Structures are given as structure tokens and as C-alpha cells.
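Colleague:
Protein chains: 2
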Amino acid sequence: MLGRVKLLLENQLCFEVHATARALDGVYRALLRDLGLTYPQYLAMMVLWEREPVTVKELGTALRLDSGTLSPLLKRMEAAGLVRRERSAADERSVLVRLTPAGAGLRSRAEEVPEKIYAATGLGLEELVALKATLRRMTASLDEAVLA
Amino acid sequence: MLGRVKLLLENQLCFEVHATARALDGVYRALLRDLGLTYPQYLAMMVLWEREPVTVKELGTALRLDSGTLSPLLKRMEAAGLVRRERSAADERSVLVRLTPAGAGLRSRAEEVPEKIYAATGLGLEELVALKATLRRMTASLDEAVLA
DNA sequence: GACAACTAAATTGTGCACAATCTAGTTACG
DNA sequence: CGTAACTAGATTGTGCACAATTTAGTTGTC
């Protein structure tokens, strides 16, 4: 029956999403090793290379991560000399994250990463656009479902 | 230029894949709480409900996880009374994982999960099929890339 | 039969990810 | 004002995920 077909497909999809996420992680891991960055750290750096300073809250919104993940992550990045953190003078609850010169300098070395990732996916531009759109729609739907 | 367009799209895709994976995780987390299972544990149970016993190695192949992840995961599941583990008599290097009656009994309660997930994705059947195919192709390409 | 090469799990150490809780600072309302 | 409600981060505890190493068992070759 149709029901059973649906369920099998759903299961395979979920395996597939996780397999893809881990495969992507593996490629990033290999590419970022030389830079001394993990994939989540690289994502954080991409936000910082774009605009700076950002609060932990803003970073969390951009990356969909909470302080329980970001606090230790940023501490490791601070220990590595990539960023520094300071309380906002305007609102002492907030912590502003800034790049150090070393962190800013890493940008040029990281510039080749996206193209390599793009090549590794083996997808064409239109496929990438379509995939992104589908995932975005699905994510929005999943977010809605988890609230209800 | 085209190059820059590619890079932006690649970046957005990577954020998107991670956002999707976490959103999916969130829905599973909510659905599986009553069953006392995490999402990875649920995936392991799905394999076991299908065929049993399986070795840790076979489970790792099916789930794309290594013993460093599976050993503690299976210990927690054993502590929860869902599975038991025993050395294979035929090959003493292997550990066979079997369901306990409690673990087997959980299946009926878990049967409604896939349909709820399917509904939560908000995707139609054809979309799901297409998405799965794209992800599978991309994952294979990524796996290939990480070796080179 | 002995020894090298291989395989399966487990272990150790590092780094996410999130729930729950805590502290400190801010805002709103009476 | 002054206190209640809210917000930002940090902390604690649990559970993946993987690299690297270790231990135990198996297989292949001479």
C-alpha cells in the first residue's frame, strides 16, 4: 500500500540526510585541518569575516546554535588566538566577539575552501539551487512541526 | 562573476544542510522522548527490528558509524534493557547484538514515528524521492572526494 | 606450526549539540 | 522608585562522532 511506501521512503531519507551531513563534515574536516579549524568553527569564522563585531546571540541566530555550544567553542577559538571576546559597554549582558589579526588573516587561506567543496559535491549550479530550496522548505516545515 | 555566485551558493547550501540535519534531529528528539530513545539509538533499533542478530561491524556499515561511537551507544542501550551483546562463537572478534523482549516490544510503539516525520517534512512523495536521489549522489561524490 | 598481516571491538581524548539551570544585567509596570 | 518579567551568557550533565591507539582473535604464507 501507499502508506508503507511512504514510510520506507521516509526512513531512507533520514538515513540519507545524516549520511550526507557526515560526508560533508568529512570533506570539511580534511580541508580545514591545515587551517586548524573545525567545521563549526569555520562557520563561525565565515560570519565574523562578513561582519564584526557580533554578539554571541547574533552568532547563535546565524548558526542556529545556543550558548551551551557557542561558549566553549568561542573559548577554544580564543585560546587558538583567532578571536577575542569582551563585554559590550552598551549592554553588559552581551559579549562582543571580534577577530584578532591572526583570525582576520586566516581569511585569505580559507578562500579556496568553498570552491573545493562545491567541486566535491559533484552537483551543477541549478541542482544546488534546487536542493537548497527544497532543504529550506523542509527545514521550515520541520521547525513548525516541532512547536506543535 | 560566476565564481563568486558558486561560492555564495555553496556556503548557503552548507548552512542549509546543517540546519536541516538539526531540525530533523529536533523533531525526532520530541517524538522519541516518550520511547526513551535518542535519534541514533532509534536508527540502530530500526536495523535490529529488520534483522537480528547483527554484529557491531554490520551496524556500523548500515549507520556509517564506527566502534568509537557504537560501543558506548550500545552499552547505554544495554543498560536501558533494549539489547544484549554477546561474543560470536563462530568468530570471537565479533560481538552479536540482539534485541531483548523489551527492545522488540518497543517496535509497535515506534511504528507511528515514520509517518509523523513524513508529515513534518511537508514534502510530497515525488519531492522526497528526488531529494533522496540528489543527496545520495552528492554523498557518493563527497565520499569520493575525501579519499583523493 | 610460526609469524606477519589483517580484522573486530573497545578505549582515550577532543569537540560539537542541547536541555536545564544559574548569574548578572536590563526593561516595564505599578 | 522598586520589583517582576525578561534577556544574554555561562555552566553542568548527557549523548553523539571521530581520530588514534590498544587488545584480542583470525587468516595467509612459508
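Quick mapping for you: the protein sequence lines, in order, are chains A and B.
Heads up, the first sequence is in our numbering, so the first residue is 3 and it goes up one at a time.
Heads up, the second sequence is in our numbering, so the first residue is 3 and it goes up one at a time.
Built from N, CA and C at the ideal position, the CB exists for glycine as well.
Being a predicted model, the structure only gives us computed values, none of them experimental.
1) Taking the DSSP output, what are the residues bridged to L101 (chain B)?
2) By DSSP, does T57 (chain B) sit in helix, in strand, or in coil?
3) Residues in the segment 119-134 of chain B with C-beta within 9 Å of chain A's C-beta atoms, listed in sequence order?
4) Could you confirm whether any beta carbon from chain B is found closer than 8 Å to the beta carbon of S143 (chain A)?
5) Say whether chain A places a C-beta atom closer than 8 Å to the C-beta of M38 (chain B).
6) Please compile the residues from chain A whose C-beta is within a distance smaller than 7 Å of the C-beta of M140 (chain B).
7) Report buried or exposed for A81 (chain A), applying the criterion of at least 16 other Cβ atoms within 10 angstroms of its Cβ.
8) Taking C-alpha atoms, which residue in B:A46, B:D68, B:K118, B:E54 lies nearest to S90 (chain B)?
9) Would you list, in chain order, the members of the segment 48-70 of chain A that have their beta-carbon closer than 9 Å to a beta-carbon of chain B?
10) Out of A:L72, A:L26, A:M48, A:K134, state which residue places its alpha-carbon closest to the alpha-carbon of G107 (chain A).
11) So T141 (chain B) is in the alpha helix (DSSP H); what residue range does that whole segment cover?
12) Quick check on DSSP: helix, strand or coil for A121 (chain B)?
13) With distances taken Cα to Cα, identify the nearest neighbour of D27 (chain B) among B:L45, B:N13, B:R66, B:L15.
14) Whole-angstrom Cβ separation of T123 (chain B) and L144 (chain A), contact assumed at under 8 Å?
15) Grab me the residues of L67 (chain A)'s own chain with a C-beta within less than 6 Å of its C-beta, minus the 5 sequence neighbours each way, in chain order.
16) Give a yes or no on whether 8 Å exceeds the smallest Cβ distance from L137 (chain B) to chain A.
17) Please check if any C-beta of chain B sits within less than 8 Å of the C-beta of Q2 (chain A).
18) Applying the 10 Å Cβ sphere with the 16-neighbour rule, what's the burial state of P103 (chain B)?
19) Against chain A, with Cβ distances strictly below 8 Å, would V148 (chain B) count as a contact?
20) Residues of chain A with CB under 7 Å from L26 (chain B), in chain order?
21) Short check: CB of G62 (chain A) to CB of L84 (chain A), under 8 Å?
22) DSSP on S110 (chain B), reduced to helix/strand/coil?
23) Tell me, to the nearest whole angstrom, how far the beta carbon of L130 (chain A) is from that of L137 (chain B); I am working on the premise that it is less than 8 Å.
24) To the nearest angstrom, how far is the alpha carbon of R86 (chain B) from that of D93 (chain A)?
25) Could you give the DSSP three-state label for L39 (chain A): helix, strand or coil?
26) Kindly indicate which residue of A:L65, A:L75, A:L133, A:A142 has the alpha-carbon position closest to the one of M140 (chain B).
27) Applying a beta-carbon distance threshold of less than 8 Å, which residues of chain A neighbour P74 (chain B)?
28) Taking only beta-carbon atoms, is A46 (chain B) less than 8 Å away from chain A?
29) Should T22 (chain B) be labelled buried (16 or more other beta-carbon atoms within 10 Å of its own) or exposed?
30) Does chain B have any CB closer than 8 Å to the CB of A2 (chain A)?
Modeller: Looking at the atomic coordinates:
1) B:V85
2) strand
3) I119, Y120, A121, A122, T123, G124, L125, L127, E129, L130, V131, A132, L133, K134
4) Chain B contact via Cβ: present.
5) Per the sequence presented here, residue 38 (chain B) reads as Gly, with Met not at that position. No, because no Cβ of chain A sits closer than 8 Å to the Cβ of G38 (chain B).
6) Within chain A, the residues whose beta carbon sits less than 7 Å from that of M140 (chain B) are T22, T123, G124, L125, listed in sequence order.
7) exposed
8) B:E54
9) Shown in chain order are the members of the segment 48-70 of chain A whose Cβ falls below 9 Å from a Cβ of chain B: M48, A64, L65, R66, L67.
10) Checked all of A:L72, A:L26, A:M48, A:K134; the closest Cα to G107 (chain A) is A:M48.
11) 127-149
12) helix
13) B:L45
14) 7 Å
15) none
16) yes
17) Because residue 2 (chain A) is not part of the residues shown, which for chain A are 3 to 150, the question remains open.
18) Counting the other Cβ atoms within 10 Å of the Cβ of P103 (chain B) gives fewer than 16, which makes it exposed.
19) yes
20) C16, V19, L144
21) Against a cut-off of 8 Å, the Cβ pair of L84 (chain A) and G62 (chain A) comes out as no contact.
22) helix
23) L130 (chain A) to L137 (chain B), Cβ: 12 Å. No contact.
24) Rounded to whole angstroms, R86 (chain B) and D93 (chain A) show a C-alpha spacing of 54 Å.
25) It is coil, neither helix nor strand.
26) A:L133
27) Within 8 Å Cβ-Cβ: nothing; P74 (chain B) doesn't reach chain A, min ~18 Å.
28) no
29) Label assigned to T22 (chain B): buried.
30) Given that chain A is displayed from residue 3 to residue 150, the structure contains no residue 2 (chain A) and the question cannot be resolved.
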